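Chains A and B, in that order, are what the protein sequence lines are.
So the first sequence is numbered by our numbering: it starts at 335 and just counts up by one.
So the second sequence is numbered by our numbering: it starts at 10 and just counts up by one.
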Amino acid sequence: MSMDLDAHRPALDDIINREKAKGGALIPVLHQAQELYGYLPKELQDYIAEGLGVPQSTVFGVVTFYSFFTTKPRGRHRIGLCLGTACYVRGNTKNLERLSHELGVNAGESTPDMRYSLEVCRCIGLCSQAPAIMVGKSVHSKVQPDQVADILSQYE
Amino acid sequence: MTIEELERIRTEARQILAERGERFLPDGELKPPRPGEVRVVLRNCGQIDPKRIEEYIAKEGYFALHKILNMTPEQVIDETKRSGLRGRGGAGFPAGQKWFFARQALASRPAPADGAPPAYLICNGDEGDPGAFMDRAVLEGDPHSVLEGMAIAAYAMGATQGYVYVRAEYPVAVEHLQTALPQARRLGLLGKNIFGKGFDFDVDIRIGAGAFVCGEETALIDSIEGRRGEPRPRPPFPAVSGLWGRPTSVNNVETLANVPQIFLKGADWFAGMGTEKSKGTKTFAIAGKVKNAGLIEVPMGITMREIIYDIGGGILNKKEFKAAQTGGPLGGCLPAKYLDTPIDFESLVAAGSLMGSGGLIVLDENDCMVDVARFFMDFTQDESCGKCPPCWLGTKRLLEILTRITRAEGTEKDLETLEYLTQNISTASLCALGQGSVNPVVTTMRHFRDEYEAHVRDKFCSSGVCKGMFHYEILADTCNGCGACRLKCPDKVIKGAKKAVHEIDQANCIVCGDCYKACKFAAIAIRPRPTPKSKLPECG
Ligand SMILES: Cc1cc2nc3c(=O)[nH]c(=O)nc-3n(C[C@H](O)[C@H](O)[C@H](O)COP(=O)(O)O)c2cc1C
Ligand code: SF4
Ligand code: SF4
Ligand code: SF4
Ligand code: FES
Numbered sequence: 335m336s337m338d339l340d341a342h343r344p345a346l347d348d349i350i351n352r353e354k355a356k357g358g359a360l361i362p363v364l365h366q367a368q369e370l371y372g373y374l375p376k377e378l379q380d381y382i383a384e385g386l387g388v389p390q391s392t393v394f395g396v397v398t399f400y401s402f403f404t405t406k407p408r409g410r411h412r413i414g415l416c417l418g419t420a421c422y423v424r425g426n427t428k429n430l431e432r433l434s435h436e437l438g439v440n441a442g443e444s445t446p447d448m449r450y451s452l453e454v455c456r457c458i459g460l461c462s463q464a465p466a467i468m469v470g471k472s473v474h475s476k477v478q479p480d481q482v483a484d485i486l487s488q489y490e
Numbered sequence: 010m011t012i013e014e015l016e017r018i019r020t021e022a023r024q025i026l027a028e029r030g031e032r033f034l035p036d037g038e039l040k041p042p043r044p045g046e047v048r049v050v051l052r053n054c055g056q057i058d059p060k061r062i063e064e065y066i067a068k069e070g071y072f073a074l075h076k077i078l079n080m081t082p083e084q085v086i087d088e089t090k091r092s093g094l095r096g097r098g099g100a101g102f103p104a105g106q107k108w109f110f111a112r113q114a115l116a117s118r119p120a121p122a123d124g125a126p127p128a129y130l131i132c133n134g135d136e137g138d139p140g141a142f143m144d145r146a147v148l149e150g151d152p153h154s155v156l157e158g159m160a161i162a163a164y165a166m167g168a169t170q171g172y173v174y175v176r177a178e179y180p181v182a183v184e185h186l187q188t189a190l191p192q193a194r195r196l197g198l199l200g201k202n203i204f205g206k207g208f209d210f211d212v213d214i215r216i217g218a219g220a221f222v223c224g225e226e227t228a229l230i231d232s233i234e235g236r237r238g239e240p241r242p243r244p245p246f247p248a249v250s251g252l253w254g255r256p257t258s259v260n261n262v263e264t265l266a267n268v269p270q271i272f273l274k275g276a277d278w279f280a281g282m283g284t285e286k287s288k289g290t291k292t293f294a295i296a297g298k299v300k301n302a303g304l305i306e307v308p309m310g311i312t313m314r315e316i317i318y319d320i321g322g323g324i325l326n327k328k329e330f331k332a333a334q335t336g337g338p339l340g341g342c343l344p345a346k347y348l349d350t351p352i353d354f355e356s357l358v359a360a361g362s363l364m365g366s367g368g369l370i371v372l373d374e375n376d377c378m379v380d381v382a383r384f385f386m387d388f389t390q391d392e393s394c395g396k397c398p399p400c401w402l403g404t405k406r407l408l409e410i411l412t413r414i415t416r417a418e419g420t421e422k423d424l425e426t427l428e429y430l431t432q433n434i435s436t437a438s439l440c441a442l443g444q445g446s447v448n449p450v451v452t453t454m455r456h457f458r459d460e461y462e463a464h465v466r467d468k469f470c471s472s473g474v475c476k477g478m479f480h481y482e483i484l485a486d487t488c489n490g491c492g493a494c495r496l497k498c499p500d501k502v503i504k505g506a507k508k509a510v511h512e513i514d515q516a517n518c519i520v521c522g523d524c525y526k527a528c529k530f531a532a533i534a535i536r537p538r539p540t541p542k543s544k545l546p547e548c549g
């Protein structure tokens, strides 16, 4: 998978230069880089490693350790289905099955048209309104399997 | 900033609040306090606009900070000790003691030569326990109370730089903190020479990246330093050698949010609430099969029954209470016999569980305890950092066994293996994640042994959760023929005339459970399948 580093290079350089002066810059830089590019492919990781003066292996080790970072591009709409305790006991696995069926992908995958990616997460702090699903930054609470198709159609 | 200016802001802001009247969070998550609740940490949540520092000041905000800057750090530590405040992040370590150790370590070491901060105060807002959201509520609803608590703690222990570590899943909390910090700096409540008393303190935000283990304090420190978060052996404790090798205190969000109140109202006031060893209040996030799910704050020592039935309104859909899960993935499941135990740090540990951060998930008759144990093991084995084999490999083995049992492939030998493994993992793991990972298994095996036995012996899941290990039967003497189940059945395999007893065509039933949920007369029961499906024949 090749990517276009130049797309956001000035912004990326700014981030690196701004954070570099502080201690522990790597994780904040990765967060912001992922925000810019959507994901963290190898080329981008290497560029950051060079910019911050840390070994490539360190960057790779950090990216793979933290589940928030992804090395694969994701769909326009990131669906985060919560399988935290409250959502699990209130039946979110049924919603996951339905989502997976509707989209034709498994958790951790994106639809071929890159419209959606389906991810499972662990508690988004909406336990009192379980079962909960996030799409991008919007929240859907007390979701029933029958509502899944309707929710999906709200995101172009 | 001077005290006169702060008083002026308070007067003006009170006016605004009085004109606007009380308000509560729009999403209804935090309701007005119910009888039995006492709000200390949550006092301002939903009452003030978290994006306006003036409204926090209207509620006496930053007055405690002014007050303690006229005391010596030692006096601040002593007052905190006297209040009995213990850490709300899980372990319950006395907060004043922690600052004392850090201060002591700081005194015995030279300051960094390069002018770097001599010591650090970290606010732990990682809140990884799936099912807990009290720290989110405080960070979102009252961020300045956490910042003020941090400043007081920093003064006591000698830190000049603070970090709030917030999980990435809480974008609103991050946003509110990002708004709060410059406001506090602008008024001189953070930064250099606060209140002209020569105390410097500033705060930075660090965002987590989705690793449960980073809530553990040494892993959290690694993460702030920009590395993989892997727990280290303690000692040295962070108080001695923490962030960048300097004395560091890691305190939970809720712990810190208590601190300003302790200095406004006095240590005696705080110590007047709670039990002998657990003072003050505790927030709980009640969720699961309970009517009024949500956030509550109650005095320590209240019973689980009061929380679940009086405040929580009881169990949903008239079902039977089965267990309360406290302490998250490292905690345990407590059956009905513990409903009347007063909740504090010690009593929960004695019962085999944990206070943890305060997540409380109510489970009912339709929750399978073996499956709940499997669920938590799936979580912990996924979150194990992989540093030590007993945890990393042990949790994998436990998960394999529990998965087998929930698939009707378990044997009696598996139960012995579970017991043996849980003992070894808890003693041989380096950090509390590995040590505590076995608690959900240990407590469910202790209190719900019959369910485990039914799973392995009869291949029966009486809760109706584990696929292939039960089916539904209509009870001929209870069914009144209302037809609700027949209408709901997606495959139309329920037969029965109006007002006559209905029957399920078992051969074609897909066991979806829709009929079970639809029947208002408890006429459908979960029963063992006549020929249990066992893929693994037991041999020898
Ligand atoms: C695996 C693991 C996860 C933890 N997660 C958290 C957390 O999310 N929030 C927290 O405050 N403490 C957490 N802790 C406890 C911290 O290590 C530490 O004890 C706590 O932050 C200290 O603050 P306190 O004294 O105010 O409780 C966790 C501990 C372990 C072992
Ligand atoms: S017990 Fe588990 S989480 Fe803790 S250090 Fe060992 S492997 Fe990592
Ligand atoms: S379990 Fe589902 S398929 Fe079977 S009878 Fe009930 S509603 Fe019909
Ligand atoms: S819903 Fe219950 S009472 Fe009504 S027909 Fe079905 S089993 Fe009988
Ligand atoms: S468990 Fe799903 S939001 Fe908390």
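The C-beta atom is built at its ideal place from N, Cα and C for all residues, glycine as well.
The structure displayed is predicted, hence computed values, not measured ones.
Does the beta carbon of residue i fall short of 6 Å from some heavy atom of ligand 1?
i          : result
Thr-264(B) : yes
Ala-100(B) : yes
Asn-9(B)   : Residue 9(B) falls outside the range modelled here, since chain B spans only 10 to 549, and no answer is possible.
Gly-387(A) : no
Alpha carbon to alpha carbon, what distance is there between residue j and residue i?
i          : j          : result
Leu-486(A) : Gly-425(A) : 19 Å
Thr-412(B) : Gly-101(B) : 33 Å
Pro-308(B) : Met-364(B) : 13 Å
Phe-530(B) : Val-393(A) : 60 Å
Asn-79(B)  : Lys-274(B) : 16 Å
Ala-276(B) : Lys-288(B) : 10 Å
Asp-349(B) : Gly-45(B)  : 15 Å
Ser-462(A) : Leu-115(B) : 43 Å
Leu-190(B) : Cys-342(B) : 40 Å
Tyr-179(B) : Met-468(A) : 12 Å
Phe-204(B) : Ser-232(B) : 33 Å
Are the C-beta atoms of residue i and some chain A residue less than 7 Å apart?
i          : result
Arg-237(B) : yes
Glu-547(B) : The predicted model places Glu-547(B) with a pLDDT of 45, which falls under 50 and marks its position as unreliable; any figure quoted below should be read in that light. Glu-547(B) does not count as touching chain A.
Lys-544(B) : Residue confidence is low: Lys-544(B) scores 46 on pLDDT, short of 50, so the model does not pin down where it sits. No coordinate-derived value is stated.
Phe-142(B) : yes
Ile-370(B) : yes
Arg-416(B) : no
Phe-552(B) : Examination of residue 552(B) is not possible in this model, given that chain B is present from 10 through 549 alone.
Gly-550(B) : Here chain B comprises residues numbered 10 to 549, so residue 550(B) is not present and cannot be evaluated.
Does at least one heavy atom of ligand 7 sit under 6 Å from the Cβ of residue i?
i          : result
Cys-416(A) : Among the ligands in the structure shown, ligand 7 does not appear; only ligand 1, ligand 2, ligand 3, ligand 4 and ligand 5 can be found there.
Spell out whether any CB of chain B is found under 7 Å from the CB atom of residue i.
i          : result
Thr-404(A) : no
Ser-462(A) : yes
Gly-395(A) : yes
Ser-391(A) : no
His-365(A) : yes
Ser-401(A) : yes
Gly-372(A) : no
Gly-387(A) : no
Gly-442(A) : no
Can you pull the chain B residues whose beta carbon is under 9 Å from the beta carbon of residue i, in chain order?
i          : result
Arg-456(A) : Gly-137, Pro-139, Glu-178, Gly-219, Phe-221, Phe-388, Asp-391, Glu-392
Ser-472(A) : Simply none; closest approach about 11 Å.
Answer yes or no: the CB of residue i versus the heavy atoms of ligand 3, is any distance below 6 Å?
i          : result
Cys-498(B) : yes
Would the C-beta of residue i count as close to ligand 5, meaning under 6 Å from any of its heavy atoms?
i          : result
Leu-460(A) : yes
Cys-457(A) : yes
Gly-368(B) : no
Going along chain A in order, which residues have a C-beta closer than 8 Å to the C-beta of residue i?
i          : result
Gln-334(B) : Thr-419
Ile-578(B) : Since the displayed chain B opens at 10 and closes at 549, residue 578(B) lies outside it and no answer follows.
List, in order along the chain, the chain A residues whose C-beta lies closer than 9 Å to that of residue i?
i          : result
Leu-376(B) : The residue asked about is misnamed: residue 376(B) is Asp in this sequence, not Leu. Those are Val-423, listed as they occur along chain A.
Leu-304(B) : Ser-462
Trp-253(B) : Gly-357, Gly-358
Starting from residue i, follow its DSSP beta bridges and name the residues at the other end.
i          : result
Tyr-450(A) : His-411(A)
Val-631(B) : The shown model of chain B, from 10 to 549, leaves out residue 631(B), and the question about it has no answer.
Leu-343(B) : Ala-333(B)
Strictly below 8 Å CB to CB, what residues from chain B border residue i?
i          : result
Ala-359(A) : Gly-235
Which residues in chain A sit within 7 Å of residue i, going by Cβ to Cβ distance?
i          : result
Asp-73(B)  : In the sequence on display, residue 73(B) carries Ala and not Asp. Chain A residues near Ala-73(B): none, gap ~27 Å exceeds 7 Å.
Ala-228(B) : Ordered by position in chain A, no residue passes the 7 Å Cβ test against Ala-228(B), which lies about 10 Å from the chain.
Return yes when at least one heavy atom of ligand 4 lies under 6 Å from the C-beta of residue i, else no.
i          : result
His-456(B) : no
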